[in-house]
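One structure is given below, encoded as structure tokens.
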Amino acid sequence: MILHIIALAAIIATAVLAIEFKDLLISTAMLAAMSLVLSLEFYLLQAPDVAITEAAVGACLSTAIFIIAIKKTARYENEAC
Amino acid sequence: MNGSSTIVKVVSLAIILPALTFGLYIIAHGHLTPGGGFQGGAIIASAFALFLVAFDKQASKTLRKNLLSALECLALLGFIGLSFFGLGKSFFFNFLANSGLIFGQAVPFGPNPGFINTAGVIPLMNFLVGLEVSCALTIIVLTMLKAGGDKK
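Residue numbers (this note's numbering), protein chains in the order written: chain V, 1039 to 1119; chain F, 387 to 538.
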């Protein structure tokens, strides 16, 4: 029960951090961390299949796609526009 | 932007081989432990994605989209063909189980640690699904890498 609460709080905290950061690379890393904690939560809910899929697709593949997108555009979010 | 920094390259080279091995492990033990074709294929594809992100130019020369597409189609054809082989009884019939051929060992009664040489046609289909998924997800990352030209 304690672990569930910690995992859920960490999911919410990393998600808020991913929104708040203006450096998109750190924001992507926070999204990857959120996926990792989410996969831990899936494992705690006894769905190891879903946990493996979440860790592979959410934490690695989507992060790779985001990083490629950041590579092709600017790294910092612009306040002016 | 020409390539990543040395740190990224070295760390990704250190991680890629264990990730590939772990993906193959997940696929090969798909009928015994959690995981299977899709999960192992996604892990292998994430190793390829790491390779693509770290080694931008060389990687997109090494991994060709046509080759990956052909492998994906071959794996899907093999999956469908393997399910048609069981058509003597029914579609997707497990004709290899308990036959003594490849993956054909009979499962012993009672609690056991799990034997990898069992379950008949399921491990073969896991391998084919893993090949298909890893190729498909790598194609997605590769398409993303090639999109929008080479500015910056």
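Each residue gets a CB set at the ideal place from its N, CA and C atoms; glycine is no exception.
### Message
Please return the same chain residues whose Cβ sits closer than 6 Å to the Cβ of glycine 422/F, not counting the five positions on each side in sequence.
### Response
On the second sequence, position 36 is the one that residue 422/F refers to. So the qualifying residues of the chain are Gly416 and Asn512.
### Message
Counting C-beta neighbours from all protein chains within 10 Å, is the total for tyrosine 1092/V 16 or more, i.e. buried, or is it exposed?
### Response
Translated into positions along the first sequence, residue 1092/V becomes position 54. Rather than tyrosine, the amino acid found at residue 1092/V in this sequence is glutamate. Under this definition glutamate 1092/V is a buried residue.
### Message
So the candidates are Leu436/F, Glu458/F, Ser390/F and Thr419/F; which of them puts its Cα closest to the Cα of leucine 406/F?
### Response
Locating residue 406/F in the second sequence gives position 20, counting from the first residue. Comparing Cα positions, the closest option is Leu436/F.
### Query
Does any C-beta atom of chain F lie closer than 7 Å to the C-beta of leucine 1099/V?
Your numbering for residue 1099/V matches position 61 in the first sequence. It does; some Cβ of chain F falls within 7 Å.
### Task
Could you tell me whether the segment 1058-1071 of chain V touches the segment 1103-1114 of chain V, where touching means 3 or more Cβ pairs closer than 8 Å?
yes
### Query
CA-CA distance, isoleucine 1044/V and glycine 1096/V?
Within the first sequence, residue 1044/V is the residue found at index 6, counting from 1. Within the first sequence, residue 1096/V is the residue found at index 58, counting from 1. Going from the Cα of isoleucine 1044/V to the Cα of glycine 1096/V covers about 20 Å.
#### Entry: Three or more C-beta pairs below 8 Å linking the segment 425-433 of chain F and the segment 394-411 of chain F
yes
### Task
Would you kindly check if the distance between the Cβ of alanine 445/F and the Cβ of leucine 438/F is under 7 Å?
The sequence position of residue 438/F within the second sequence is 52, counting from 1. The sequence position of residue 445/F within the second sequence is 59, counting from 1. In this structure, alanine 445/F lies closer than 7 Å to leucine 438/F by Cβ.
### Where serine 520/F falls, given that 16 or more other Cβ within 10 Å makes a residue buried
Position 134 of the second sequence, counting from 1, holds the residue named residue 520/F. Per the 10 Å Cβ criterion, buried.
### Message
Rounded to the nearest angstrom, what separates asparagine 480/F and phenylalanine 465/F at their Cα positions?
### Response
Within the second sequence, the letter at position 94 stands for residue 480/F. Within the second sequence, the letter at position 79 stands for residue 465/F. Those two C-alpha atoms are separated by around 13 Å.
### Query
Would lysine 1060/V count as contacting chain F if we go by Cβ distances under 7 Å?
Start at 1 with the first residue of the first sequence, and residue 1060/V comes out as number 22. By this cut-off, lysine 1060/V is not an interface position.
### Query
Can you find a CB in chain F that lies within less than 7 Å of the CB of threonine 1066/V?
Taking the first sequence and counting its residues from 1, the one referred to as residue 1066/V is at position 28. By this cut-off, threonine 1066/V is not an interface position.
### Under 7 Å from the C-beta of proline 420/F: neighbouring residues of chain V
Here the question's residue 420/F lines up with position 34 in the second sequence. Residues of chain V passing the Cβ test: Pro1086, Asp1087 and Ile1090.
### Message
Within the continuous alpha helix (DSSP H) that includes aspartate 447/F, where are the two ends?
### Response
Sequence index remark: in the second sequence, residue 447/F carries index 61 (1-based). The question names aspartate, but residue 447/F is lysine in the sequence shown. From DSSP, the alpha helix (DSSP H) with lysine 447/F extends over 442-448.
#### Entry: Host alpha helix (DSSP H) of alanine 1094/V (start-end)
Residue mapping note: residue 1094/V aligns to position 56 of the first sequence, counting from 1. No alpha helix (DSSP H) holds alanine 1094/V; DSSP gives it neither H nor E.
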